[in-house]
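Have a look at the structure below before the remarks.
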Amino acid sequence: MAHDRPRALSGIQPTAGSFHLGNYLGAIRQYVALQETHDAFYMVVDLHAITVPQDPRELRANTRVAAAQLLAAGLDPDRCTLFVQSHVPEHAQLGWVMNCLTGFGEASRMTQFKDKSAKQGADRTTVGLFTYPVLQVADILLYQADQVPVGEDQRQHIELTRDLAERFNSRYGHAFTVPSAHIVKETGKIYDLQDPSIKMSKSASTPKGIISLLDEPKVSAKKIKSAVTDLDTVIRFDEENKPGVSNLLTIYATLTGTSIADLERKYEGKGYGALKTDLAEVMVDWVTPFRSRTQEYLDDPETLDNILAKGAEKARTVAAETLALAYDKVGLLPAKH
Ligand code: AQP
């Protein structure tokens with residue numbers, strides 16, 4: 442369990458043909474930063490994706506598209522371990538052990554499950570969706586992760602991970618590092634461009650409310666230009682009273698590395714139109730090279746698959762060691778070889 446650098450782990454679902462701006466600013470940017478300081482493991486969580494219906498062909502294609510986007514965003518396979526969750530069977534195996542440690546009531550309190558199952562209705566909601574957070578617990582604990590870079594919506598799941606790690610350690614003896622959520626306050630929740638009271642999200646946003654990173658740049662520019670603001674014209678960061686403008690300022694500041702205070706000064710006395718026009722341009726300048734880098738990886742699936750194969754091999758060595766320790770602690774009889 443001793444390793445030189447602290448460990449980081451996170452996962453992202455291949456459930457759409459493109460990541461959205463919330464995924465990038467809330468999570469992926471942090472993945473890229475942490476690969477410099479941490480022994481970092483990042484995965485495309487295809488097992489999580491099938492908790493809701495997926496077209497098999499699309500899922501397979503989207504898994505590659507997800508990996509290509511992570512590389513295009515700046516993940517470097519020489520600096521981090523990038524892999525596909527289902528290539529490492531230990532996730533499902535430790536997931537079962539964790540299911541047997543989780544209270545039914547405890548799992549029932551997960552708000553993301555409550556929201557999604559309420560929308561889908563009980564008959565269409567799978568048991569897999571219910572135990573999704575528990576599989577996520579296994580994902581994290583397998584790598585003895587210290588930090589888990591995620592968006593604000595994942596905070597409760599990381600709390601569950603901490604609770605289960607502590608429960609396992611106290612019941613069976615120390616096996617797992619108790620991880621912390623790494624959530625960047627400013628970008629932990631990027632809001633829908635049409636309804637800044639909800640997070641930008643694949644399942645809840647309308648097409649106009651969400652920036653898909655692989656969309657035509659001019660489509661993204663148009664969405665920024667028609668983002669909902671308010672009746673006032675003052676450009677000021679005030680999340681409570683001016684959520685739409687504040688969201689645009691957060692996006693602008695993060696993509697350009699400018700402070701919000703500088704942006705407020707720059708746009709003093711100018712209307713929302715000027716802010717939106719400039720941010721639309723910033724967006725176009727960001728997504729254009731991102732799209733072409735993603736396409737380059739997709740045009741060479743062999744190289745992409747090799748990166749993922751190497752990643753899975755590295756991940757398995759760590760995951761297998763942790764799983765063996767956990768199985769032993771629980772009292773499972775080892776198979777004779
Ligand atoms: N709006 C957001 N702001 C900041 N971070 C966000 N994340 C998602 N939306 C925002 C973070 O992105 C990472 C990957 O999440 P995921 O693979 O679970 O994607 P997701 O949650 O499926 O994305 P959506 O759009 O939110 O999907 P639905 O609508 O299906 O739930 C996570 O770290 C997440 O916090």
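First residue of the sequence shown? That's 442 in my numbering, and the numbers climb one at a time after it.
Backbone N, C-alpha and C define an ideal beta-carbon position, used for all residues, glycine too.
- Around the C-beta of E743, fewer than 16 other C-beta atoms lie within 10 Å, and the residue is accordingly described as exposed.
- Secondary structure note for H598: its alpha helix (DSSP H) is the uninterrupted segment R596 to Y613.
- Bridge partners of R448 according to DSSP: D480.
- As the crow flies, the alpha-carbon of R446 is around 20 Å from that of K751.
- Cβ contact annotation for W727 (same chain, cutoff 8 Å, sequence separation greater than five): L696, in chain order.
- Under DSSP, the beta-bridge partners assigned to T522 are F482.
- Sorting L605, Q561, Y613 and A457 by C-alpha distance to the C-alpha of Y768 places Y613 at the top.
- Around the beta carbon of H479, 16 or more other beta carbons lie within 10 angstroms, which makes this residue buried.
- For A616, the secondary structure class from DSSP, reduced to helix, strand or coil, is coil.
- By the neighbour-count definition (other C-beta atoms within 10 Å, threshold 16), P518 is a buried residue.
- Collapsing the DSSP output to three states places Q588 in a strand.
- Take F545, set aside five residues on each side of it, and no residue of its chain has a beta-carbon closer than 7 Å to its own.
- Residue side-chain check: V506 keeps its Cβ at 7 Å or more from all non-hydrogen atoms of ligand 1.
- The DSSP assignment places 497–513, 531–540, 545–549 and 552–561 as complete runs of the alpha helix (DSSP H) inside the stretch 489–568, in order along the chain (cut-off: 4 residues).
- Contact annotation: Y632 and A760 have beta-carbon atoms that are not nearer than 8 Å.
- Here DSSP, grouped into helix, strand and coil, assigns A715 to helix.
- When A548, D636, S687 and S451 are compared, the shortest CA-CA separation from T628 is found for S687.
- Note on geometry: alpha-carbon atoms of K630 and T552 lie some 16 Å from one another.
- At a Cβ-Cβ threshold of 8 Å, L466 and A449 do not count as neighbours.
- With contacts defined as CB atoms closer than 8 Å, V669 and Q635 qualify as a contacting pair.
- The C-beta separation of L542 from F609 comes to about 6 Å, placing the pair in contact by the 8 Å criterion.
- In this structure, the C-beta of V591 approaches ligand 1 to less than 7 Å from one of its heavy atoms.
- A distance of 8 Å or more separates the beta carbons of L766 and L720.
- At the C-beta level, A513 and R734 come within 8 Å of one another.
- A distance below 7 Å between beta-carbons, with the five flanking residues on each side excluded, links G712 to the following residues of its chain, in chain order: T674.
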